[in-house]
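In what follows, a structure is listed as structure tokens, so that the remarks can point back to it.
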Amino acid sequence: MNIRLARVDDMMGMQAANLQNLPENYVMKFWIYHAMTWPQISYVAEDHKGRIVGYVLAKIEERNENENEPQPVHGHVNSISVLRSYRRLGLAKKLMILSQQAMKEIYKAEYVSLHVRKSNKAAIGLYRDTLGFEVAKVEKKYYGDGEDALSMRLELKDI
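Right, dumping it as structure tokens:
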């Protein structure tokens, strides 16, 4: 298993893993925009044949000077997925840690946020119990099917 920075030519494989595993899917333009804008914080896991078996797609939310109270620079995980046959190997944890470290070191992000379905107990366990995320709030009917999301956050000063 190899984990490395995602490249633009990985986007088709990342999108395929997304389509196979998750109900929230994105158009190719979205994937490419992230890869081109924040190339240092999205990662892929590939098998011995170079096939993408997992990924983390992330972005940086920068200060908006137009806001009354500007938000600190922070990262956001848009999507993470590992193919079923490659789960329970620690790949999601490794992908997340690499992305978080890059957010902190390269962009000086203060924290990282993400959304997770309230029903996704395995992902919640990874984020909360393994990685140290905390629930910041519940966002009612966040997903297209009406399911609530947990908005979770991890302070990066702690890593």
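Under our numbering, think of the first position of the sequence shown as -18, with each following residue one higher. Every residue gets a Cβ at the ideal spot worked out from N, C-alpha and C, and that includes glycine. Since the model is a prediction, treat every value here as computed from it, not as a measurement.
Note on residue 29: under 16 other CB atoms within 10 angstroms of its CB, so exposed under the neighbour-count rule. Under the three-state reduction of DSSP output, residue -1 falls in the helix class. Residue environment for residue 22: buried (at least 16 other C-beta atoms within 10 angstroms of its C-beta).
Each of -9, 115, 118 was checked against the Cα of residue 31, and the nearest Cα belongs to -9. Our two residues, residue 128 and residue 121, have alpha carbons roughly 7 Å apart in a direct line. When the Cα atoms are used, residue -7 and residue 118 turn out to be separated by approximately 33 Å. Each residue's CA atom was taken as its position, placing residue 125 and residue 64 some 23 Å apart.
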